[in-house]
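Here is the structure we will look at, set down as structure tokens.
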Amino acid sequence: DAGITQSPRHKVTETGTPVTLRCHQTENHRYMYWYRQDPGHGLRLIHYSYGVKDTDKGEVSDGYSVSRSKTEDFLLTLESATSSQTSVYFCAIKKGEDYGYTFGSGTRLTVV
Amino acid sequence: AQSVTQLDSHVSVSEGTPVLLRCNYSSSYSPSLFWYVQHPNKGLQLLLKYTSAATLVKGINGFEAEFKKSETSFHLTKPSAHMSDAAEYFCVVNTGGFKTIFGAGTRLFVKA
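Below you can see the structure in the form of structure tokens.
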């Protein structure tokens, strides 16, 4: 998707290992978000950022941490991956409150 | 409490016939409303948004939606379905700040 890239696109990892997903934007937007998408649950907000070093928790933040040291990068870390964290993870950016999101293409994470 | 309800989990239409995807919302505030589309293995893409300007909003790919405050609805329509419209559609409410609520999604099937 234009202006926002996620890496990796696919990852398989073992239970108990740490995992970091990266979101990179070239739009210079202030707001960045991490969502997970699961069947039957829709999209759920994990963490969001409203500026460099300014982050906050969403509705499903347990087991996840984030960092934003630069405007363009927002990292999501699973501290010790569990099978319940198998999901598709989407990063999104937004210019402002009344603007829509621009979503990345997603990272499909499987924890075995 | 804020909420968004997509009234149909699945909608099936024939190519060339009209599309209607229904969305009702509940909000204590004057909301911003959005429709997104998600094709398989892709991120969500913004179709259109309502932010208290004109109540009839035109979006991309021939879609439009009408905000009806009295009915608390924001239904998505298209006069003539195309095979490429087959996807999942999400109605989204932004109720202020970082509070965004995603509907559960409506999967649109288009028959040849």
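Chains C and V supply the protein sequences, listed in that same order.
Counting in the numbering used here, the first sequence runs from 1235 upward without gaps.
Counting in the numbering used here, the second sequence runs from 3 upward without gaps.
Think of the CB as a built atom: it goes at the ideal place given N, C-alpha and C, for glycine as much as any other residue.
Beta-carbon neighbours of residue 63 (chain V), restricted to chain C and to distances below 9 angstroms = Chain C residues near residue 63 (chain V): none, gap ~15 angstroms exceeds 9 angstroms.
key: Spatial distance of residue 1334 (chain C) from residue 81 (chain V) (CA atoms)   = 24 angstroms
inquiry  = Could you check whether the Cβ of residue 1268 (chain C) sits closer than 7 angstroms to any Cβ belonging to chain V?
reply    = At a cut-off of 7 angstroms between C-beta atoms, residue 1268 (chain C) does not count as an interface residue with respect to chain V.
key: Per DSSP, cross-strand counterpart(s) of residue 73 (chain V)   = Partner(s): none; residue 73 (chain V) has no beta bridge.
task = Could you tell me how far apart the beta carbons of residue 1240 (chain C) and residue 1256 (chain C) are, in whole angstroms, since I believe they sit closer than 8 angstroms?
result = 7 angstroms
ask   = Can you tell me whether residue 1281 (chain C) is buried or exposed, with buried defined as 16 or more other CB within 10 angstroms of its CB?
value = buried
Other residues of its chain near residue 58 (chain V): CB distance less than 7 angstroms, five sequence neighbours each side excluded = 66 and 68
ask   = Rounded to a whole number of angstroms, what is the C-alpha to C-alpha distance between residue 1261 (chain C) and residue 63 (chain V)?
value = 24 angstroms
Beta-carbon proximity list for residue 10 (chain V), same chain, < 8 angstroms, skipping 5 on both sides = 23, 24 and 108
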